[in-house]
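*Asks:*
2 protein chains.
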Amino acid sequence: MLTQAQKKNIKQLHDKIHRREQGYFVAEGEKVVCELLLSSLEVKSVYALNQWVEKNNNLLNKVETIVVSEKELQQISHLKTPNQVLAVAKTPHYEIDFLEIKKGVSLFLSNVNDPGNLGTIIRTADWFGVSHIFCSEHTADAFNSKVIQSAMGSLFRVKIYFVSTEEFLERCKRYEITILGADMNGTSVYSYSFKCPMVLVMGSESHGIDEVCKRYINEYVSIPGKHNAESLNVAIATGILCSEIMRSVLEQ
Amino acid sequence: MLTQAQKKNIKQLHDKIHRREQGYFVAEGEKVVCELLLSSLEVKSVYALNQWVEKNNNLLNKVETIVVSEKELQQISHLKTPNQVLAVAKTPHYEIDFLEIKKGVSLFLSNVNDPGNLGTIIRTADWFGVSHIFCSEHTADAFNSKVIQSAMGSLFRVKIYFVSTEEFLERCKRYEITILGADMNGTSVYSYSFKCPMVLVMGSESHGIDEVCKRYINEYVSIPGKHNAESLNVAIATGILCSEIMRSVLEQ
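Residue numbers (numbering that gives the first Met the number 0), protein chains in the order written: chain U, 0 to 251; chain Z, 0 to 251.
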């Protein structure tokens, strides 16, 4: 039986402010929780139906596991239709290692505020082996339940950093990392030569790349289109640019 | 003042079955409705706040316009936070012109069932000038409000067809149109030579390309990755493949 205090605690983690204060987040769904348990992240507790615990006992060594009823799961779930399991895990905080960043390609998200887009970007980055994503102050919180659902486990492999735009880009500049912005007026991605090390800057859904970023960007790249639609979705644009980077790495 | 019957009629269009029966759909939001009014689609009625009507009078020639109160708009809206305007328009039905299809690249969606993905695919196709999208029986309904929101006006420019998989692909075969499937085991997109005319087949989020499609597919293409994430989101994969097709067209 869950106490009222336990239930309240978990429900509160739906809220970004409480997540930041407590340093924990909630992951839900069979697949997502399995990926979480297999990752290097620290899982505090698992709340699951008995049938799920029996099936996944091998994953639950050393993890506090609380068997709950369907009704209890419903009460603590952040989803409309709760699944069989919910886990509370410690929000990871990574130190930036610029020598590591200098080895490859990273993403910087300038105020990407739709959680679905952020989750899809994380999943896509993971596919292409981009393992560091830097999020500006107004980018959606990566530990929001919608991000977790759309990132599909990739959130537990890719390192996400919450940074101050100016401070981060200033340091990239000092480390001589190319800062490349995605913008409709840039050089066509089909003729651009990608240079490593690089940070690719993607702008917000409605306002593009912000003014502070623009001061640091060395070059701009664009995705040619027929210009029927006004713009591409930011996750789609990120996917296309990551793919082009992958292509150029494979061709070298 | 709206009558109860009018309100009921509009609310019903939230539901796919009623949309199909009545042959109408609902578009909401300032931008989307403006794009709808500028398109070739037949708009039946516009329900808007007075301030919106005054600002957009130039778009409203020959369109039945009903000024509503905020409360009334709330009652008929399909959105949680209704905007200033809602329009009811006739669902377009297009005849397939295979001679037109033979001129370029089209998309076939095999049971893509997430409306957000479908909307993003439509917007992306529009960006790259792919103007025909064929949807299999279990693909999400393109006139669902979530599709309309994420397609952002592109739904009124790209032609969407609801087809029987077998019948459609059989005819493509007869017209000697290459049927290309996106699949993880296909030829790398970075070395594949795209051939026009072509129909690109994208599979469902959870089950990939269905068995009926597979019987017709001539070749498969894949997007290389580091295989950390299990798969790419279907809209992202469509974006990358459309971009690669664009690149090959520009290089020819």
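Even glycine gets a Cβ: it sits at the ideal position worked out from N, Cα and C.
Small disclaimer: the values here were computed from a predicted structure and weren't measured.
Just to check my reading of the structure: LEU199/U and LEU106/U have Cβ atoms closer than 8 Å, yes? What is that Cβ distance to the nearest angstrom?
*Replies:* 5 Å
*Asks:* Using CA coordinates, which residue listed in CYS212/U, TYR189/U, SER187/U and SER144/U is at the minimum distance from GLU166/U?
*Replies:* CYS212/U
*Asks:* What number of angstroms, rounded off, separates the C-alpha of VAL162/Z from the C-alpha of CYS134/Z?
*Replies:* 6 Å
*Asks:* How would you call GLY22/U, buried or exposed, if buried means at least 16 neighbouring beta carbons within 10 angstroms?
*Replies:* exposed
*Asks:* Quick check: VAL66/U and ASN49/U, are their CB atoms within less than 7 Å of each other?
*Replies:* yes
*Asks:* Taking the DSSP output, what are the residues bridged to LEU108/Z?
*Replies:* CYS134/Z and MET201/Z
*Asks:* What are the boundary residues of the beta strand (DSSP E) that includes LEU85/Z?
*Replies:* 84-89
*Asks:* How would you call HIS131/Z, buried or exposed, if buried means at least 16 neighbouring beta carbons within 10 angstroms?
*Replies:* buried
*Asks:* Excluding the 5 residues flanking TYR46/Z on each side, which residues of the same chain have their C-beta closer than 6 Å to its C-beta?
*Replies:* ILE65, VAL67 and LEU85
*Asks:* Out of ASN82/U, ILE216/U and SER190/U, state which residue places its alpha-carbon closest to the alpha-carbon of SER109/U.
*Replies:* With distances taken between Cα atoms, SER109/U lies closest to ILE216/U.
*Asks:* Could you name the residues of chain U that ASP125/Z contacts, counting a contact when the two beta carbons are closer than 9 Å?
*Replies:* GLY224, LYS225, ASN227 and ALA228
*Asks:* Are at least three pairs of beta-carbons, each pair with one atom in the region 224-241 of chain U and one in the region 116-129 of chain Z, less than 8 Å apart?
*Replies:* yes
*Asks:* Any idea which residues DSSP pairs VAL45/Z with across the strands?
*Replies:* According to DSSP, VAL45/Z bridges with THR64/Z and ALA86/Z.
*Asks:* Given that THR186/Z touches chain U, what residues does it touch there, using C-beta distances under 9 Å?
*Replies:* One finds nothing in chain U with a Cβ atom closer than 9 Å to the Cβ of THR186/Z; even the nearest lies about 14 Å away.
*Asks:* Quickly, what does DSSP pair TYR215/U with across the bridge? List them, please.
*Replies:* Note: TYR215/U sits in no beta bridge, so no partner.
*Asks:* Excluding sequence positions up to five away, which residues of its chain have a Cβ less than 6 Å from the Cβ of GLU267/U?
*Replies:* Absent from the structure is residue 267/U, since the part of chain U shown begins at 0 and ends at 251.
*Asks:* Would LEU179/U and GLU218/U qualify as a contact pair, given that the criterion is a beta-carbon distance under 7 Å?
*Replies:* yes
*Asks:* Pairs of beta-carbons, one from the region 142-153 of chain Z and one from the region 167-186 of chain Z, closer than 8 Å: are there three or more?
*Replies:* no
*Asks:* Pick helix, strand or coil for ASP182/Z, following the three-state DSSP scheme.
*Replies:* In the structure shown, ASP182/Z sits in a strand (DSSP, three-state: E or B).
*Asks:* So, is the C-beta of TYR189/U closer than 7 Å to a C-beta in chain Z?
*Replies:* With 7 Å as the cut-off, TYR189/U counts as an interface residue toward chain Z.
*Asks:* Looking at the structure shown, is ASN115/Z part of a helix, part of a strand, or coil, going by DSSP?
*Replies:* Here residue 115/Z is Gly; the residue named in the question, Asn, does not match the sequence. GLY115/Z: helix per DSSP, three-state reduction.
*Asks:* Should GLY207/U be flagged as near chain Z, meaning a C-beta pair shorter than 7 Å?
*Replies:* no
*Asks:* Around the Cβ of ILE100/U, are there at least 16 other Cβ atoms within 10 angstroms (buried) or fewer (exposed)?
*Replies:* buried
*Asks:* From the beta carbon of THR80/Z, is the nearest beta carbon of chain U less than 7 Å away?
*Replies:* no
*Asks:* Using the Cβ count rule (16 or more neighbours within 10 Å means buried), how would you classify LEU240/Z?
*Replies:* Around the Cβ of LEU240/Z, a 10 Å sphere holds 16 or more other Cβ atoms; the residue is buried.
*Asks:* Verify the CB distance criterion: does ILE235/Z have a CB-CB separation below 7 Å to chain U?
*Replies:* Closer than 7 Å to the CB of ILE235/Z there is at least one CB belonging to chain U.
*Asks:* Would you mind working out which of GLN83/Z, PHE127/Z, ASP209/Z and ILE159/Z sits nearest LEU249/Z, comparing C-alpha positions?
*Replies:* PHE127/Z
*Asks:* Taking CB distances under 7 Å as the criterion, tell me whether GLY238/U reaches chain Z.
*Replies:* yes
*Asks:* Once the 5 residues before and after LEU1/U are set aside, which same chain residues still bring their CB inside 8 Å of it?
*Replies:* Beyond the five residues adjoining it in sequence on each side, LEU1/U comes within less than 8 Å, by CB distance, of TYR46, ILE65, VAL67, GLU71, GLN74 and ILE75 in the same chain, given in chain order.
*Asks:* Give a yes or no on whether the C-beta atoms belonging to GLU34/Z and PHE155/Z are separated by under 7 Å.
*Replies:* yes
*Asks:* Locate the beta strand (DSSP E) running through LYS158/U, then write down its first and last residues.
*Replies:* Residues 158-161.
*Asks:* Taking a Cβ distance cut-off of 9 Å, strictly less, list which residues of the region 143-166 of chain Z are near chain U, in chain order.
*Replies:* Answer in chain order: SER149, ALA150, MET151, GLY152, SER153, ARG156 and VAL157.
*Asks:* Between LEU231/U and chain Z, is any beta-carbon pair separated by less than 7 Å?
*Replies:* yes
*Asks:* Restricting to runs no shorter than 4 residues, where is the alpha helix (DSSP H) found entirely within the region 5-39 of chain U?
*Replies:* 15-21 and 29-37
*Asks:* Does any residue of chain U have a CB that is nearer than 7 Å to the CB of SER221/Z?
*Replies:* no
*Asks:* Name the one or two DSSP bridge partners that THR177/Z has.
*Replies:* THR177/Z is bridged to MET197/Z.
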